[in-house]
Amino acid sequence: MEDAHVLQLTCSKFQDLYLSFCGVSECEPCHSFGPAVRPNYILHYILSGKGIYRVGERTYRLKEGQGFLIEPEAVTFYQADEKEPWTYLWVGFAGVQAEMFLQDIGLNSNQHVFQSGYGEQLKRIVSDMLRNNTFSQTHQYHLQSLLYEFFAVLTRDVRMEAVAEENRDSAYVKKAVVFIQNNYFRGIGVADIAEHVGVSRSYLYKIFVDNLRANPKEFLTRLRLVRAKELLELTELSVEGVAMSCGYQNALVFCKAFKQEVGMPPSHYRKICRRQLQDGQ
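Residue 182 in the working numbering sits at position 180 of the sequence shown, and the numbers go up by one each step.
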């Protein structure tokens, strides 16, 4: 069972991105949904407690401050924890550009989970959505603005330092970063990034260092290792599976890069995370 407050919309005058439904649920222990498929994209954000989310062969253990993406027609299952059941909010949406908006916050078919330190803002936005339930033209526009605000809050946690001004170089950097976020697991290299952006490798190196204070290879490696840490914390994938999921064809190369960046092997990092979780830290 769950105590839920829900807003369901039947139509929209917008096409690129529009709200389909939203809500807040306080779940009882072990409350679950699925396995099931949904027709829309849905973002869940955990306000308190914890639980599991399963999509495909991956199972994520999630807690307060984290969230997960459900894609249309994907078979998913999620369940509240037995001792600390979660309370979460959700926003369902669709639109011809929905996938592009998700890419802006670093989510795609390979990256289903995220973290945000702005839970109070997200809760306030969804609460405002629930209050605008008369479906008047004024409220339709207001709901649309709230949906954009929801995405705006999530972009604050995208791991890319802000570029001060919009110029040609920063536009190239943003294009490169989006490409990296959505293809890091494919084993891409600097040459692939440069080809996608349409610049030389040397020029790509220069604008990355100027704008992000890291060269393209360093940025790609850091993103892969951030994702690797998430998979080690939240899933039961083997170290080899984590390596493959993050774009490393060789597990030994992955382990060396991980140890150099984090200071310990992946297996040891996972043990520490699990021990902290068991101790309630």
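Where is the CB? At the ideal position from N, CA and C, for every residue including glycine.
Just reading off the alpha helix (DSSP H) that GLY121 is part of, what are its end residues? 121-133
With DSSP collapsed to three states, give me the class of GLN146. helix
Identify whether PRO268 lies in helix, strand or coil by the three-state DSSP scheme. helix
Reduced DSSP secondary structure (H/G/I, E/B, other) of HIS46: strand
Rounded to the nearest angstrom, what separates GLN123 and ALA82 at their Cα positions? Rounded to the nearest angstrom, the two C-alpha atoms are 23 Å apart.
For VAL98, which option in LEU19, GLU197, TYR43 has the closest C-alpha, if you only look at C-alpha atoms? Closest option to VAL98, Cα to Cα, is LEU19.
Given a cut-off of 7 Å on the beta-carbon distance, is the pair PHE35 and TYR55 in contact? With contacts defined as CB atoms closer than 7 Å, PHE35 and TYR55 fail to qualify as a contacting pair.
Helix, strand or coil at CYS29 according to DSSP, with G and I counted as helix: strand
Spatial neighbours of LYS219 in its chain, beta-carbon cut-off 6 Å, leaving aside the 5 residues before and after: VAL192
Comparing C-alpha positions only, which one of SER22, ASN252, PHE210, ARG276 sits nearest to LEU233? For LEU233, the nearest C-alpha among the options comes from ARG276.
Just to confirm, is the Cβ distance from LEU156 to SER118 under 7 Å? In contact: LEU156 and SER118 (Cβ atoms closer than 7 Å).
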